[in-house]
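Trainee: My questions all concern the structure below.
Residue numbers (the numbering used here): 2 to 276.
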């Protein structure tokens, strides 16, 4: 049995709030939560945007700002991310320009924040691109930050832990879609708890199986593993003369054979007599 040395709570900015962080700190848990850099106080935003003060540490260009309560705000600047941010913004602007040419009605832009934040609406009739807002947005290209209460890890270790968030998000997707943790067609609390517990155990099994397959064969997504196992089938034929029953396995794919092999099981397509 492997002992867990440390548990670290990792979440995106949707979980970032004063109450949530205080709750985690009150329970003495370590956390790494994505920061909303643009919502920081003006003094901190100036520090964040001072890209000349960033330092190269290992493979990252980072800056650390100490926040009240012993929290650390770590910011990473990436040229690759900056190019992506610029590309995404330009794609939005191209769509916006096309929409402006098609309709000058400001009401058509009100509900779309992606458009509205780059617009300038004058006299409730004239719509144009707000160049000042564009320049302000460009300053944040390539920047990504996290807030943590861990004081014995380097910035690179902290960001490496944060990258593992995709596994959490994938687990949520697996639970909701593949394992159908919801909708829940139960009313009694015990039945609801049993339903969630069964789905969680199934999630643990598929995660463990994915890890074993990756370790001993090659990476296969949970969806591929599930699909391969679902199609491992067997037909039963009955000889009407002597009433003997025979099992006729379906022809296994290479992936299915490897999955069984990883778990120490044999998978054969040879028909056999059922006792």
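Every residue gets a Cβ at the ideal spot worked out from N, C-alpha and C, and that includes glycine.
What is the residue span of the alpha helix (DSSP H) that residue 277 lies within?
Mentor: Here the chain covers residues 2 to 276 and nothing more, so residue 277 does not appear.
Trainee: Starting from residue 247, follow its DSSP beta bridges and name the residues at the other end.
Mentor: Locating residue 247 in the chain shown gives position 246, counting from the first residue. Answer by DSSP bridge pairing, in chain order: 238, 274.
Trainee: Mind the definition here: the region 178 to 190 touches the region 81 to 99 only if three or more C-beta pairs lie below 8 Å; say whether that holds.
Mentor: The answer is no - the region 81 to 99 does not touch the region 178 to 190, with fewer than three Cβ pairs under 8 Å.
Trainee: Report buried or exposed for residue 34, applying the criterion of at least 16 other Cβ atoms within 10 angstroms of its Cβ.
Mentor: The residue given as residue 34 occupies position 33 in the chain shown. Result: buried.
Trainee: Looking at C-beta atoms only, is the number of pairs between the region 147 to 159 and the region 15 to 31 that lie closer than 8 Å three or more?
Mentor: A contact exists between the region 147 to 159 and the region 15 to 31.
Trainee: DSSP on residue 6, reduced to helix/strand/coil?
Mentor: For this step, residue 6 is matched to residue 5 along the chain shown. Of the three classes helix, strand and coil, the one that applies to residue 6 here is coil, per DSSP.
Trainee: With burial defined as no fewer than 16 other Cβ atoms inside 10 Å of the residue's Cβ, what is the status of residue 223: buried or exposed?
Mentor: Residue numbering aside, residue 223 sits at position 222 when the chain shown is read from its first letter. Under this definition residue 223 is a buried residue.
Trainee: Just the Cα atoms here: how many angstroms apart are residue 160 and residue 276?
Mentor: On the chain shown, residue 160 is found 159 positions in, with the first residue counted as 1. On the chain shown, residue 276 is found 275 positions in, with the first residue counted as 1. Each residue's Cα considered, the two are about 58 Å apart.
Trainee: Determine which residues share a DSSP beta bridge with residue 57 and list them.
Mentor: As a first step, residue 57 is located in the chain shown; it is residue number 56 there, counting from the start. The partner list for residue 57 (beta bridge, DSSP) reads 62.
Trainee: Check each candidate in 98, 57, 238 and name the one with the smallest Cα separation from residue 78.
Mentor: Locating residue 78 in the chain shown gives position 77, counting from the first residue. The shortest Cα separation from residue 78 among 98, 57, 238 belongs to 57.
Trainee: Sort out for me which residues DSSP pairs residue 149 with in a bridge.
Mentor: Working through the chain shown from its first residue, we reach residue 149 at position 148. Beta-bridge pairing links residue 149 to 33, 73.
Trainee: What does a CB cutoff of less than 7 Å around residue 248 pick up in its chain, not counting 5 residues either side in sequence?
Mentor: The residue you call residue 248 lines up with position 247 of the chain shown. So the list reads 235, 237, 272, 273, 275, once near-sequence residues are dropped.
Trainee: Closest by CA to residue 1, which one among 26, 14, 52, 63?
Mentor: Nothing can be reported for residue 1: it is not among the residues displayed for the chain, which extend from 2 to 276.
Trainee: Measure the C-alpha to C-alpha separation of residue 86 and residue 145 and round it to an integer number of angstroms.
Mentor: Your numbering for residue 86 matches position 85 in the chain shown. Your numbering for residue 145 matches position 144 in the chain shown. Near 11 Å, if we compare the C-alpha coordinates of residue 145 and residue 86.
Trainee: Looking at residue 50: is its Cβ nearer than 7 Å to the Cβ of residue 140?
Mentor: Position 49 of the chain shown, counting from 1, holds the residue named residue 50. Position 139 of the chain shown, counting from 1, holds the residue named residue 140. Closer than 7 Å, so yes.
Trainee: Can you tell me whether residue 214 is buried or exposed, with buried defined as 16 or more other CB within 10 angstroms of its CB?
Mentor: If you number the chain shown from 1, residue 214 lands on position 213. Looking at its Cβ environment, which holds 16 or more other Cβ atoms inside 10 Å, residue 214 is buried.
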